[in-house]
Amino acid sequence: MNLLAFDTSTEYLSLALMRGDAIFTFDTLAGQTHSQIILPQIQTLLNKAELQLHDLHGIAFGAGPGSFTGVRIAAGVAQGLGLGASLPVVAVSTLMALAEASGATKVVACLDARMGEVYHAAYVKSLAGWQTVIEPGLYKPDTVPAVEGDDWVGAGSGWHTYSEILSAAYSGQVEVVQPALLPTAEAILKLAQPVFASGEAKDASEAMPIYIRNRVALKTSERELGLKL
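Heads up: the sequence shown begins at 24 in the numbering used here, then just goes up one per residue.
Spelled out as structure tokens, the structure:
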């Protein structure tokens with residue numbers, strides 16, 4: 024199977040291309056240039072793998088949560104390429120991608136959502152794959168949901184920005200933290216493979232971002248009243 028995966032939900036651009044058993048990857052700190060470099064870098068990766076877009080069997084993308092602009096870029100590129108080449112798509116949660124990238128089996132995934140909040144979810148891996156213990160949500164770091172048991176791994180930028188608060192919230196339960204971990208395209212690719220194999224991928228027209236925070240700014244009148252998101 025030949026599959027393309029990418030993520031633009033953070034300041035990094037992450038790409039992964041599978042040709043049979045071979046995996047080709049590209050990761051770079053893109054800042055605000057995702058929209059400028061993603062298509063040229065996808066073409067570079069296709070050239071490296073000696074593939075054309077129409078040789079692919081599907082496209083997977085990091086649907087969010089994450090940067091509002093970033094997840095829109097990923098969904099837009101997946102939709103555009105998918106419709107252009109008649110390829111199905113799979114939307115993958117960036118929080119589950121963090122869990123997959125961690126190499127652990129019990130993960131509290133937290134991404135820095137800015138504005139004093141985190142995107143949060145908890146997952147446990149079994150022989151059947153990842154099971155969602157706590158659904159993705161948006162929380163203040165001191166109000167994150169409780170988990171049961173110990174031997175959890177904390178993954179993602181939320182654990183960097185709010186290390187002390189989150190460590191206190193999960194004291195005695197989270198022993199290992201991976202604060203620099205990102206939702207990589209390679210992890211997204213791994214999560215998407217069984218979906219493609221089972222024929223459950225969606226039409227490219229259904230490539231949509233996952234929004235947890237519906238608003239990213241306050242109106243002027245709300246700011247003047249001292250309101251906060």
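Each residue gets a CB set at the ideal place from its N, CA and C atoms; glycine is no exception.
All values reported here derive from a predicted model rather than from experimental measurement.
Exposed or buried, Asp44, counting other C-beta atoms within 10 Å across all chains shown (16 or more means buried)?
Position 21 of the sequence shown, counted from the start, is the residue given in the question as residue 44. Exposed, by the Cβ-count rule.
How far does the beta strand (DSSP E) with Met41 in it reach, from first residue to last?
Residue mapping note: residue 41 aligns to position 18 of the sequence shown, counting from 1. Unbroken beta strand (DSSP E) run through Met41: Tyr35 to Arg42.
Decide if the stretch 118-134 is in contact with the stretch 42-61; the criterion is three or more beta carbon pairs, one per stretch, under 8 Å apart.
Touching, no, given that fewer than three Cβ pairs across the two stretches are closer than 8 Å.
May I ask you to list the residues that DSSP assigns as paired with Lys213?
On the sequence shown, residue 213 is found 190 positions in, with the first residue counted as 1. Bridge partners of Lys213: none, in fact.
I'd like the span of the beta strand (DSSP E) that includes Leu161, first residue to last.
Here residue 161 refers to the residue found at position 138 when the sequence shown is read from its first residue. Segment Gly152 to Tyr162, the beta strand (DSSP E) holding Leu161.
Within 7 Å (strictly less), CB to CB, does Ala136 reach chain D?
Of the protein chains in the structure, only one exists, and it is not chain D.
What does DSSP give as the partner residues of Gln201 in its beta bridges?
Position 178 of the sequence shown, counting from 1, holds the residue named residue 201. The partner list for Gln201 (beta bridge, DSSP) reads Ala178.
What do you reckon, are the CB atoms on Ala208 and Asp30 nearer than 7 Å?
Counting from one through the sequence shown, the residue named residue 208 turns up at place 185. Counting from one through the sequence shown, the residue named residue 30 turns up at place 7. Yes, the Cβ-Cβ distance between Ala208 and Asp30 is below 7 Å.
When you compare the CB positions of Ala28 and Leu212, do they come within less than 7 Å of one another, or not?
The count along the sequence shown starts at 1 and reaches residue 28 at position 5. The count along the sequence shown starts at 1 and reaches residue 212 at position 189. Contact: yes.
Where do the N-terminal and C-terminal ends of the alpha helix (DSSP H) with Ser186 fall, by residue?
For the purposes of this step, residue 186 is taken as residue 163 along the sequence shown, with counting starting at 1. Segment Ser186 to Ala192, the alpha helix (DSSP H) holding Ser186.
Just mark Thr166 as buried or exposed, buried being the case when its beta carbon has 16 or more other beta carbons within 10 Å.
On the sequence shown, residue 166 is found 143 positions in, with the first residue counted as 1. By the neighbour-count rule (16 or more Cβ atoms within 10 Å), Thr166 is not buried but exposed.
Quick check: the stretch 166-179 against the stretch 63-81, are at least 3 beta-carbon pairs closer than 8 Å?
They do not touch, by the three-pair rule.
Under a Cβ-count criterion, where at least 16 other Cβ atoms within 10 Å of its own Cβ denotes burial, should Ala169 be classed as buried or exposed?
Within the sequence shown, numbered from 1, the residue matching residue 169 stands at position 146. Counting Cβ neighbours within 10 Å, Ala169 comes out exposed, since fewer than 16 surround it.
Compute the Euclidean distance between the alpha carbons of Gly222 and Ala98, then round it to the nearest angstrom.
Taking the sequence shown and counting its residues from 1, the one referred to as residue 222 is at position 199. Taking the sequence shown and counting its residues from 1, the one referred to as residue 98 is at position 75. Whole-angstrom Cα-Cα distance: 20 Å.
Inspect the CB distances between the stretch 106-115 and the stretch 53-66 and report whether three or more fall short of 8 Å.
Verdict: no, contact absent.
Considering only residues of the same chain and omitting the five flanking positions on each side of Lys148, which have a CB-CB separation below 6 Å?
By 1-based counting over the sequence shown, the position of residue 148 is 125. Counting only Cβ-Cβ distances below 6 Å, and skipping sequence neighbours, we find Thr128.
Output the boundary residues of the alpha helix (DSSP H) element that contains Ile60.
Position 37 of the sequence shown, counting from 1, holds the residue named residue 60. Element bounds for Ile60: His57 to Lys71.
Does the stretch 85-95 come within contact of the stretch 185-192, defined as at least 3 CB pairs closer than 8 Å?
Contact between the stretch 85-95 and the stretch 185-192 is absent, because fewer than three Cβ pairs lie under 8 Å.
Rounded to whole angstroms, what is the Cα-Cα separation between Pro159 and Met119?
Working through the sequence shown from its first residue, we reach residue 159 at position 136. Working through the sequence shown from its first residue, we reach residue 119 at position 96. When rounded, the distance between both Cα atoms is 9 Å.
Under the three-state reduction of DSSP, which class applies to Ile233: helix, strand or coil?
The sequence position of residue 233 within the sequence shown is 210, counting from 1. The answer is coil: DSSP assigns Ile233 none of H, G, I, E or B.
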